[in-house]
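Our numbering runs 670 ahead of the 1-based position in the sequence shown.
Let me begin by presenting the structure, written as structure tokens, before commenting on it.
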Amino acid sequence: MSAEIIDGKAIAAQVRERVAREVRELRASGADPGLATVLVGDDPASHVYVRMKREACEEVGITPIHHELDAATPADELRNLLAALNEDRAVTGVLLQLPLPAHLDPNEMTGLIAAEKDVDGLTPLSAGLLAQGRPSLVPCTPAGVMELLAHARVALEGARAVVIGRSQLVGRPITQLLLAADATVTQCHSRTRDLAAVCREADVLVVAVGRPGTVTGEMVAEGAVVIDVGTSRTDDGLVGDVDFESAAAKARAITPVPGGVGPMTIAMLLSNTARAAQMQLHGSGSPTPAAG
Ligand code: NAP
């Protein structure tokens, strides 16, 4: 079988075009979408990610609002900033870039973001709504995975889906979204016994581990759809968790690394920011769960 390569770059570009249209409509209705990014400390990768996010905002007409804090910033100062951003009407989305310096608790700080501005979808309220099957603002990478599956016209109702990884950021929300789409989902992790046998049951296999070679062709059922979320920097460049050649020989469709899930994350952040601005324009300020 020769697998369809799911082109995340092209699909992300379509999402960005859609968001740019939505932002124009929002502005015509009197809204002013603005994304506040909060960066604490000197992590070089975080600086690059935040810069990319701000540039992406500008491209689609969202106003980037940036706050950069010293690595030694006291917890109270960050709490006060997040409270001020929650109140600021020029800010329709708040993104606290992780990781934080060790003295700041990421769960506590993320949890301080107002739910209607939670464009990363990581607050307990957003995660709780998702777990109840009432998704509101959904974490960006998992939302990107669902967008890729939709573009590849993967029928999820009744499909057997296997997710490897159970992090708050990626694995768990992907499982919840697949469940909300009526797939029958098995979630795997580092303690799963006979991972290969579980994977071979999958019509849809989503791999989010961070370890190259976690999935090889012999673990993929003939005709399955394989989504590789993993990214690891190696001497050969950026690689995923899936051995692409052997998996593509079995799969019906597969994402490459790079160029698969990666480009979707910022595209879905923009999409969430537009959605948050829409909710604030039309609603009372509390998040309205999405249909489905
Ligand atoms: P994480 O928090 O480290 O979680 C990794 C998960 O993999 C854990 O649940 C862990 O199980 C599981 N795992 C580890 N070794 C395993 C094994 N041998 N067999 C089965 N499961 C195993 O990582 P994450 O934040 O979810 O990220 C996962 C990957 O996605 C990373 O490569 C990351 O860089 C990438 N990522 C990419 C994007 C993007 O935009 N493309 C965005 C976010 C993340 P336990 O829970 O039992 O420890």
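Glycine is no exception: its CB is placed at the ideal position from the N, C-alpha and C atoms.
Counting only the Cα atoms, V685 lies some 8 Å from M938. Contact between A682 and M934 holds, since their C-beta atoms are separated by about 5 Å, short of 8 Å. Relative to the ligand NAP, the beta carbon of M949 is positioned no closer than 8 Å to any heavy atom.
L847 has its Cβ no nearer than 8 Å to any heavy atom of the ligand NAP. With respect to P882, G900 sits close: the two C-beta atoms are nearer than 9 Å. Looking only at L847, A853, T886 and L818, the smallest Cα-Cα distance to A866 is reached by T886. A direct Cα-to-Cα measurement between M779 and L705 gives close to 17 Å. Counting along the chain, the unbroken alpha helix (DSSP H) around D746 starts and ends at A745 to E757. Its Cα nearest to that of V824, the residue L848 stands out among G835, L848 and P809. The ligand NAP has no heavy atom closer than 8 Å to the beta-carbon of C727. In this model, V815 and A745 are separated by some 34 Å (Cα to Cα). In the structure shown, A917 adopts helical secondary structure according to DSSP, grouped into three states. By the Cβ criterion, the stretch 731-743 is in contact with the stretch 700-714, since at least three pairs of Cβ atoms, one from each stretch, lie closer than 8 Å. Put simply, of S837, H952 and L739 the residue whose alpha carbon is nearest the alpha carbon of A797 is S837.
Residue side-chain check: M889 keeps its Cβ at 8 Å or more from all non-hydrogen atoms of the ligand NAP.
K920 and C810 have their C-alpha atoms some 28 Å from each other. When C-alpha distances from G835 are compared across L826, L818, A820 and R861, the shortest belongs to R861. Exclusion of R686 from the 8 Å shell around the ligand NAP follows from its C-beta lying no nearer than that to any non-hydrogen atom of the ligand.
In chain order, V710 and P776 place their CB closer than 6 Å to the CB of L770, counting only its own chain and leaving out the 5 sequence neighbours on each side.
Relative to the non-hydrogen atoms of the ligand NAP, the Cβ of D740 never comes closer than 8 Å to any of them. Rounded to whole angstroms, V761 and G880 show a C-alpha spacing of 33 Å. Residue burial annotation: N750 is exposed, with fewer than 16 other C-beta atoms found within 10 angstroms of its C-beta.
For R861, the shortest separation between its Cβ and any heavy atom of the ligand NAP lies below 8 Å. The beta carbon of L826 sits closer than 8 Å to those of L819, L848, A851, D852, A853 and V874, all from its chain and outside the five residues before and after it, given in chain order.
Your pair G841 and V832 does not check out as a contact, with CB atoms roughly 11 Å apart and the cut at 8 Å.
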